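Visitor:
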Amino acid sequence: MEKMTEKDGCSLDMVNENLQALKAIFPDAFTEDGVDFNALRQLLGDDIAEGEEKYGLNWHGKKKARQIALTPSTGTLRPCKDESVDWDTTQNLFIEGDNLEVLKLLQKSYAGKVKMIYIDPPYNTGNEFIYPDKYQDNLDTYLQYAGLKDEEGVVTSSEVRIERNSVNSGRYHTNWLNMMYPRIKLARSLLREDGSLWMSIDDNELGNLLDIGKSIFGDENFIACFVWHKRKSRENRKVFSVSHDYVLCFSKNKESFEATRKLLPLTEEARSRYSNPDSDPRGEWQSVSLNAQAGHGTPAQFYDITTPSGRVVSLPSGRCWAVTKERLNELISDNRVWFGKDGSNVPRQKIFLSEQEVGLTPHTLWSADEIGTTDTAKRSLNELFDGVTVFDTPKPTGLMERIIQIADDREGIFLDFFAGSSATAHAVCNVNVEDAGKRSYIMVQLPEPCDEKSEAYKNGYQTIAEIAKERIRRVAKSVRENDPEYSGDLGFKVFKLDSSNIIAWNPDRTDIESTLLNHTKHLMDGRSEEDVLYELLLKRGVDLTVPIEEKNVIGKSIYSIGYGVLFACLNETLSREEVEPLAQGIVDWHTELAPASDTQVVFRDSAFADDVSKTNMTAILEQHGIAHVRSL
79 MEKMTEKDGC SLDMVNENLQ ALKAIFPDAF TEDGVDFNAL RQLLGDDIAE GEEKYGLNWH
139 GKKKARQIAL TPSTGTLRPC KDESVDWDTT QNLFIEGDNL EVLKLLQKSY AGKVKMIYID
199 PPYNTGNEFI YPDKYQDNLD TYLQYAGLKD EEGVVTSSEV RIERNSVNSG RYHTNWLNMM
259 YPRIKLARSL LREDGSLWMS IDDNELGNLL DIGKSIFGDE NFIACFVWHK RKSRENRKVF
319 SVSHDYVLCF SKNKESFEAT RKLLPLTEEA RSRYSNPDSD PRGEWQSVSL NAQAGHGTPA
379 QFYDITTPSG RVVSLPSGRC WAVTKERLNE LISDNRVWFG KDGSNVPRQK IFLSEQEVGL
439 TPHTLWSADE IGTTDTAKRS LNELFDGVTV FDTPKPTGLM ERIIQIADDR EGIFLDFFAG
499 SSATAHAVCN VNVEDAGKRS YIMVQLPEPC DEKSEAYKNG YQTIAEIAKE RIRRVAKSVR
559 ENDPEYSGDL GFKVFKLDSS NIIAWNPDRT DIESTLLNHT KHLMDGRSEE DVLYELLLKR
619 GVDLTVPIEE KNVIGKSIYS IGYGVLFACL NETLSREEVE PLAQGIVDWH TELAPASDTQ
679 VVFRDSAFAD DVSKTNMTAI LEQHGIAHVR SL
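If you count by the numbering used here, then the sequence shown holds residues 79 to 710, one letter each, in order.
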């Protein structure tokens, strides 16, 4: 029976993943000592950037920002059933914690599975909180920030300290770039091949965010920069009243994204363009021009056309026909060319509504009337919270609904790791109710404290995360009241970032005896079996919403996770006599479930009476095809 090590308690090791991917492409560049960079240079030919002068975005700390994205997290996500809704059935997640650590922890379970990511990060306007990243101990930094630890690692409930990125700072843009880069780097690996990342931003960091996106996703995967008319009212600013924001869109793979990109629903104005003036049995149609720029044509596309009335139509200078004469005659024979009511107009092709992929190609300019504004968003949120202003700068749900309409999958996963007030979760719920979809979401929000003078704080909401969770609960309540027949998923599971349940071996060299005694137990005090189970899910790469079943065998609890992908028995004592019947119980359940992939079984190491008991347990399970047996 193998013992789980500190490495098993870490999130995905992305450096090792990158090395394995490189080795698969260039095995000749590897020796027993690692990468042979000279050999790699030869295999890559001349595509090597030389010298100091090169095109790209650089700043102080970029190297460390890249490193922090590759450094595994040793944290875990602890389940909070009391704050959740429909825990046993929901596919939605709300995760409270530093999004950098959370993104790392999600890598094993959700890499390549997320359809769309939307984020509304800090705009870096000079008075916004910048996450306190430290490159070697980010988890401890977060725990101190959240009031869970002091600087000596002792659990505390001390006052939270907030750091803000002042415009007077000499590293004003640098701090923001160091915060954003690793998060976007990690976000990309969570996306499906047809997935996309959408980011709200204003003029202040637009250029930098665009450059970060291009460096991580590649120039070829930049889709568009959308302009959203966010405000109709005027602001009393010194120079200009800013009435727009931007939304940048990047794809994981442009071809895959374009193949799955959806059209927007036809507006009444667009439908009004279709009519049926000649009573064609194929229904309503509109006409489109049949000529094009001459530079795009072949010799077969230059000719004169005689209309039904006998008029000869010649091409204007610099134009050609969009089709050859042969193809034009085929269209005329099928009554797909319109020469006007009297048969003498310049020919136009008939496009039938019934034959189209009905919808509109999305524009890059999004009006306030289509999407909503910051003012309408705030009023709607206030109404949801019975007139209380709980959040000053919410985005309208119409913004996320528009993105979902474009980058849609009715059963896809949608992620927002700067969740704020959870407008994205609200939007996903709205769209699911509208079309009976089964989209699920993952919201990630730091427990950033509310201002004690704010209405939110005075009404009992101490953190932004509390507001976000309450919003989702109220949205669900509203849906149930207005549509009692709706049976879709309105719940969410709450998890909170914390240090690992597994105690890392960190010996005190001056007092080895005490250290050994303190490590006879390998799990932290105060942690429940469910805490451990969900850490096993994360580190095994299993979806956090998979079902967990429990059976009692000889008075011991056995858990099956993900229909038998993982079994766990976390009882504190297992005698020699209990080993065989317990092992047989696991074998029988494993046979019943017949999981498609390899199964892992985990026990508490200190539970076994002796090494013989552990050996016997391992042997029995291996005899029945369960080879991966581990202990905590």
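We treat Cβ as the ideally placed atom computed from N, Cα and C, and that holds for glycine.
Everything numeric in this text was worked out from a predicted model, so none of it was measured.
#1: Tell me whether residue 609 is buried or exposed, calling it buried when 16 or more other Cβ atoms sit within 10 Å of its Cβ.
#2: Looking only at its own chain, which residues have a Cβ that is under 8 Å from the Cβ of residue 163, when we skip the five neighbours before and after it?
#3: Mapping the DSSP letters down to three states, classify residue 587 as helix, strand or coil.
#4: Buried or exposed: which applies to residue 222, given that a residue is buried once 16 or more other Cβ atoms fall within 10 Å of its Cβ?
#5: Quick check on residue 115: does DSSP put it in helix, strand or coil?
#6: Measuring alpha carbon to alpha carbon, tell me which residue in 178, 352, 657 and 224 is nearest residue 687.
#7: Please work out which residues of its chain come closer than 8 Å, Cβ to Cβ, to residue 385, disregarding the five sequence neighbours upstream and downstream, and give them in chain order.
#8: Note down the Cα distance separating residue 224 from residue 528, rounded to an integer number of angstroms.
#9: I'd like the ranges of any beta strand (DSSP E) spanning at least 3 consecutive residues and lying wholly in the region 591-639.
#10: Helix, strand or coil for residue 708 per DSSP?
#11: Excluding five sequence neighbours on each side, which residues of the same chain lie with their C-beta closer than 7 Å to the C-beta of residue 698?
#12: Going by beta carbon distance, what residues of the same chain come within less than 7 Å of residue 720, once the five residues before and after it are set aside?
#13: Which residues does DSSP list as the beta-bridge partners of residue 174?
#14: Tell me which residue opens and which closes the beta strand (DSSP E) that residue 370 is part of.
#15: Extract the residue ranges of the alpha helix (DSSP H) inside the region 261-347, only unbroken runs of 4 or more that lie entirely within it.
#16: Quick check on DSSP: helix, strand or coil for residue 381?
#17: Kindly give me the distance between the Cβ atoms of residue 277 and residue 320, rounded to whole angstroms, as I take these residues to be in contact under 8 Å.
#18: Is there contact here, the region 261-271 with the region 329-343, by at least three beta-carbon pairs under 8 Å?
#19: Can you give me the C-alpha to C-alpha distance between residue 370 and residue 336, rounded to a whole angstrom?
#20: Under 8 Å, with one C-beta from each stretch per pair, do the region 486-498 and the region 183-197 reach the 3-pair mark?
#21: Please report the distance separating the alpha-carbon of residue 469 from that of residue 305.
#22: Quick one: is residue 437 buried, meaning 16 or more other Cβ sit within 10 Å of its Cβ, or exposed?
#23: Spell out the partners DSSP gives residue 428 in its beta bridges.
#24: Residue 185 and residue 122 look like a contact to me (Cβ under 8 Å); what is the Cβ gap, rounded to whole Å?
#25: For the beta strand (DSSP E) holding residue 195, just list the boundary residues, first then last.
#26: Please go through the same chain and pick out, in chain order, the residues whose beta-carbon is closer than 6 Å to the beta-carbon of residue 170, but skip the five residues on each side of it.
#27: What separation, rounded to the nearest whole angstrom, lies between the Cα atoms of residue 515 and residue 523?
#28: My assumption, with CB atoms under 8 Å, is that residue 176 sits in contact with residue 133. Please give the rounded CB distance.
#29: Rounded to the nearest angstrom, what separates residue 295 and residue 651 at their Cα positions?
#30: Quick one: residues in its chain with C-beta nearer than 8 Å to the C-beta of residue 641, no 5 flanking neighbours on either side, listed in chain order?
#31: For residue 24 and residue 168, I'd like the C-alpha separation in whole angstroms.
#32: CB-CB under 7 Å to residue 300, same chain, minus the five flanking residues each way: which ones, in chain order?
#33: In the DSSP assignment, find the unbroken alpha helix (DSSP H) run with residue 736 in it and report its ends.
#34: Taking the C-alpha atoms as reference points, what is the distance between residue 281 and residue 323?
#35: Tell me the DSSP secondary structure of residue 399 in three-state form.
#36: Applying the criterion that 16 or more other CB atoms from any shown protein chain within 10 Å of the CB defines a buried residue, is residue 343 buried or exposed?
Guide: Taking the structure as given:
#1: Buried, since its Cβ has 16 or more Cβ neighbours within 10 Å.
#2: Within the same chain, Cβ atoms closer than 8 Å to the Cβ of residue 163 are found at 550, 551, 554, 568, 569 and 570, the five residues on either side in sequence being excluded.
#3: Here residue 587 scores only 49 on pLDDT, less than 50, and its place in the model is too uncertain to base an answer on.
#4: By the Cβ neighbour-count rule, residue 222 is buried, with 16 or more other Cβ atoms within 10 Å of its own.
#5: Correct three-state label for residue 115: helix.
#6: Measuring from the Cα of residue 687, the nearest candidate turns out to be 657.
#7: Here the set comprises 391, 417, 421, 422, 423 and 425.
#8: Rounded to whole angstroms, the separation of the alpha carbons of residue 528 and residue 224 is 13 Å.
#9: Complete beta strand (DSSP E) runs here, min 3: 626-631 and 634-639.
#10: Strand.
#11: If we look at residue 698 and ignore the five residues flanking it on each side, its Cβ neighbours are 658 and 661.
#12: In the structure as shown, the chain begins at 79 and stops at 710. Residue 720 is therefore absent and cannot be evaluated.
#13: DSSP, once it has assigned bridges, lists 523 and 574 as partnering residue 174.
#14: Taken as a continuous stretch (DSSP letters only), the beta strand (DSSP E) holding residue 370 covers 369-371.
#15: 284-295 and 332-338, all fully within the region 261-347.
#16: For residue 381, the secondary structure class from DSSP, reduced to helix, strand or coil, is coil.
#17: So it is not a contact: roughly 18 Å between Cβ atoms.
#18: With a cut-off of 8 Å, the region 329-343 and the region 261-271 count as touching, because enough Cβ pairs lie within range.
#19: Using only the alpha carbons, I get a separation of about 25 Å.
#20: In short, these stretches touch, since the Cβ pair count reaches three.
#21: Using only the alpha carbons, I get a separation of about 23 Å.
#22: By the 10 Å Cβ count, residue 437 comes out exposed.
#23: DSSP output for residue 428 lists 365 as bridge partner(s).
#24: Separation of the CB atoms of residue 185 and residue 122 is rounded to 27 Å, and the pair is thereby denied contact status at 8 Å.
#25: 192-197 is the span of the beta strand (DSSP E), which, as asked, contains residue 195.
#26: Beyond the five residues adjoining it in sequence on each side, residue 170 comes within less than 6 Å, by CB distance, of 518, 519 and 570 in the same chain, given in chain order.
#27: Distance between residue 515 and residue 523, taken at the CA atoms: about 25 Å.
#28: The pair is not a contact, with the Cβ atoms about 33 Å apart (cut-off 8 Å).
#29: One Cα belongs to residue 295, the other to residue 651, and the distance between them is close to 51 Å.
#30: Cβ within range, chain order: 624, 625, 671 and 673.
#31: Only positions 79 to 710 of the chain appear in this structure, which leaves residue 24 out of reach.
#32: 291, 292 and 328.
#33: With the chain covering only 79 through 710, there is no way to say anything about residue 736.
#34: Just so you know, the alpha carbons of residue 281 and residue 323 end up roughly 8 Å apart.
#35: Correct three-state label for residue 399: strand.
#36: With fewer than 16 other Cβ atoms from the protein chains shown falling within 10 Å of its own Cβ, residue 343 counts as exposed.
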